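Enquirer: Dropping the structure in here first, questions after.
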Amino acid sequence: VTVLQIVALAAVATGGTLVVLVRDPVRQALVASVFGVALAILFFAFQAPDVAISQIVVATVAVPVMILLALTKLRGDEEHER
Amino acid sequence: VRPRPRAALALLALAGLAALIAWAAGGLTPFGTPSGPANGVVRTLVHERHAANTVNGVTYDLRGLDTLGEELILFVAALGSAVLLRHGRGEEVDAAREQHESASARTADALRAAGTALVGPLIVLGVYVVVHGHLSPGGGFQGGVILAAGLLLVYAAGQVVALERVEPTALVEVADATGALAYALVAVGGLVFAVAALENFLPFGTTGNLLSAGTIPVLSIAVGVEVTGAVALILTELLDQTLLRGGE
Numbered sequence: 262v263t264v265l266q267i268v269a270l271a272a273v274a275t276g277g278t279l280v281v282l283v284r285d286p287v288r289q290a291l292v293a294s295v296f297g298v299a300l301a302i303l304f305f306a307f308q309a310p311d312v313a314i315s316q317i318v319v320a321t322v323a324v325p326v327m328i329l330l331a332l333t334k335l336r337g338d339e340e341h342e343r
Numbered sequence: 123v124r125p126r127p128r129a130a131l132a133l134l135a136l137a138g139l140a141a142l143i144a145w146a147a148g149g150l151t152p153f154g155t156p157s158g159p160a161n162g163v164v165r166t167l168v169h170e171r172h173a174a175n176t177v178n179g180v181t182y183d184l185r186g187l188d189t190l191g192e193e194l195i196l197f198v199a200a201l202g203s204a205v206l207l208r209h210g211r212g213e214e215v216d217a218a219r220e221q222h223e224s225a226s227a228r229t230a231d232a233l234r235a236a237g238t239a240l241v242g243p244l245i246v247l248g249v250y251v252v253v254h255g256h257l258s259p260g261g262g263f264q265g266g267v268i269l270a271a272g273l274l275l276v277y278a279a280g281q282v283v284a285l286e287r288v289e290p291t292a293l294v295e296v297a298d299a300t301g302a303l304a305y306a307l308v309a310v311g312g313l314v315f316a317v318a319a320l321e322n323f324l325p326f327g328t329t330g331n332l333l334s335a336g337t338i339p340v341l342s343i344a345v346g347v348e349v350t351g352a353v354a355l356i357l358t359e360l361l362d363q364t365l366l367r368g369g370e
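Top line first, the protein sequences correspond to chains A and B.
In terms of my numbering, the first sequence is residues 262 to 343.
In terms of my numbering, the second sequence is residues 123 to 370.
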């Protein structure tokens, strides 16, 4: 186990915990995207570059954007109903 | 359930999960030395299929049928979100569009410049990753999502109107469907030109060349087109909903 692998494991552990601890969904989406970068580095450190590439784009770009857009839509609907 | 018993239960379950994962990780083979079945798979892919990237060799050749199912899942998911989100479109769009066009004018110049500068390189990278799937890490799925992210960047640069010009919904839909169909056609091609569905029926070429590994790069490109279309379609529908109609 190399130093990079230990650092990546530690970053993923802290990142995952932070995602759970943050309560506001909008902030949670952003923290989850940073956690996604940590996971991508972890995959790369453990010799899985294929998974790392999909992880970078899906977890840091696509999923947070979809969560944020869905939240915007939900809030818009709530205001509309009031 | 009251908080304390719940926490105790969660800790117990997590401890059990940690023990199971540690036990499973202890039995993994070390890095760099494929042994047993893995050795056979690598041998088959590199020497018979001429695929330098064995990960995509598994995805698009040995387990091509699984990938067919997966890309159809994505196709149906994109279709479902389009059908759900498109409900009730058609009224008040023009007024809302004018409103958010003026809103997009407020995007910071730095963001606008960075976004515009990055779109080109990102699309080149996406195409590279899709096309070189059988040679280096990447492939249709990864490259497709990069391409869709490139389109998203056009939006991030505050050019929603430009986005509609480069990413018209009809074109995105066609890409989604074409990719899915192309994969299915290659699968049928295996039945026609070889023995079974998804059997590799194209010439293999030399390992490491761009044109090699038979149907693997073809399937990779099909998935790339399909994933670009599907992700872009989901994002376009969500953007449409939240920006054009959310601010009513």
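Ideal Cβ positions, reconstructed from N, Cα and C, are used throughout, including at glycine.
In this text the structure is predicted, and so the values were computed from the model without any measurement.
Kindly list, in the order they appear in chain A, the residues whose Cβ is closer than 8 Å to that of L326/B.
Expert: Residue 326/B is actually Phe in this sequence, not Leu. Those do not exist, as F326/B stays about 21 Å from chain A at its closest Cβ, beyond 8 Å.
Enquirer: Taking only beta-carbon atoms, is P310/A less than 8 Å away from chain B?
Expert: Output row for P310/A: interface = yes.
Enquirer: Kindly indicate which three-state DSSP category N178/B falls into: helix, strand or coil?
Expert: In the structure shown, N178/B sits in a helix (DSSP, three-state: H, G or I).
Enquirer: Do you know how far the Cα of G277/A is from the Cα of T263/A?
Expert: T263/A and G277/A: Cα-Cα distance of roughly 21 Å.
Enquirer: Quick check on the DSSP output: the alpha helix (DSSP H) that includes S157/B runs from which residue to which?
Expert: Unbroken run through S157/B: none, as it is neither H nor E.
Enquirer: What do you get for P259/B, buried or exposed, if any count of 16 or more other CB atoms within 10 angstroms of its CB means buried?
Expert: Buried, since its Cβ has 16 or more Cβ neighbours within 10 Å.
Enquirer: Tell me, please, whether the CB atom of E213/B is closer than 8 Å to any CB atom in chain A?
Expert: Confidence at E213/B is low in this model, with a pLDDT of 47, below 50, so its placement is unreliable and no value can be given for it.
Enquirer: Chain B beta carbons: is any one of them nearer than 8 Å to that of V273/A?
Expert: No, V273/A does not count as interfacial toward chain B.
Enquirer: Does the distance from the C-beta atom of P325/B to that of G255/B stay below 8 Å?
Expert: No, Cβ-Cβ distance for P325/B and G255/B is not below 8 Å.
Enquirer: Taking A204/B and E359/B to be in contact with their CB atoms under 8 Å, please state how far apart those CB atoms are, rounded to whole angstroms.
Expert: Correct: roughly 5 Å between the Cβ atoms.
Enquirer: Using the beta-carbon of each residue, which ones in chain A are nearer than 9 Å to L274/B?
Expert: Per Cβ cutoff of 9 Å: V322, A323, V326.
Enquirer: Would you grab the beta carbon distance between S315/A and V267/B for me? Rounded to a whole angstrom, and I think it's under 8 Å.
Expert: Rounded, the Cβ-Cβ distance is 7 Å, consistent with contact.
Enquirer: State the CB to CB distance for the pair G248/B and G265/B, rounded to an integer number of angstroms; the pair is presumed to be in contact (CB under 8 Å).
Expert: That belief holds up - the Cβ atoms of G248/B and G265/B are roughly 5 Å apart, short of 8 Å.
Enquirer: Confirm, please, whether the CB-CB distance from G242/B to I343/B is below 8 Å.
Expert: No, the pair does not count as a contact, with Cβ atoms beyond the cut-off.
Enquirer: Is Q308/A helix, strand or coil by DSSP?
Expert: Note: Q308/A maps to coil in three-state DSSP.
Enquirer: Inspect the beta-carbon positions of T181/B and T189/B and report whether they are closer than 8 Å.
Expert: Yes, the Cβ-Cβ distance between T181/B and T189/B is below 8 Å.
Enquirer: If you compare alpha carbons, which of N331/B, T329/B, L333/B, V308/B is closest to F323/B?
Expert: Measuring from the Cα of F323/B, the nearest candidate turns out to be V308/B.
Enquirer: Report all residues from its chain with a CB closer than 7 Å to the CB of L274/B; omit the five preceding and five following residues, and keep chain order.
Expert: Only L357 meet the Cβ criterion.
Enquirer: Quick check: what's the CA-CA separation for A135/B versus R128/B?
Expert: Answer to the nearest angstrom: the Cα atoms are 11 Å apart.
Enquirer: Report yes or no: is there a C-beta of chain A within less than 8 Å of the C-beta of I90/B?
Expert: The question about residue 90/B has no answer, for chain B in this structure spans 123 to 370.
Enquirer: So is S315/A in contact with chain B if we call contact Cβ pairs under 8 Å?
Expert: So, interface residue.
Enquirer: Would you say L291/A lies against chain B (beta-carbon separation less than 8 Å)?
Expert: So, not an interface residue.
Enquirer: Rounded C-beta distance between L330/A and L361/B? I'm assuming under 8 Å.
Expert: With a Cβ gap of about 7 Å, L330/A and L361/B count as contacting.
Enquirer: Show which residues of chain B have a CB atom less than 7 Å away from the CB atom of V268/A.
Expert: Ordered by position in chain B, no residue passes the 7 Å Cβ test against V268/A, which lies about 18 Å from the chain.
Enquirer: Below 8 Å between beta carbons is the criterion; list the residues of the stretch 257-268 of chain B that meet it against any residue of chain A, in chain order.
Expert: Residues passing the 8 Å Cβ filter: P259, G260, G261, F263, Q264, V267, I268.
Enquirer: For F323/B, which three-state DSSP category applies?
Expert: If DSSP states are grouped into helix, strand and coil, F323/B belongs with coil.
Enquirer: Using beta carbons (cut-off 8 Å, strictly below), is V280/A in contact with chain B?
Expert: By this cut-off, V280/A is not an interface position.
Enquirer: Given this structure, state the Cα-to-Cα distance separating E213/B from A132/B, to the nearest angstrom.
Expert: Low local confidence applies: a pLDDT of 47 at E213/B is under 50, so the model's placement there is unreliable, and no value is given.
Enquirer: Within 8 Å, do at least three Cβ pairs link the stretch 288-297 of chain A to the stretch 315-326 of chain A?
Expert: A contact exists between the stretch 315-326 of chain A and the stretch 288-297 of chain A.
Enquirer: On the three-state DSSP scale, how would you describe R128/B?
Expert: DSSP places R128/B in helix when its eight states are reduced to three.
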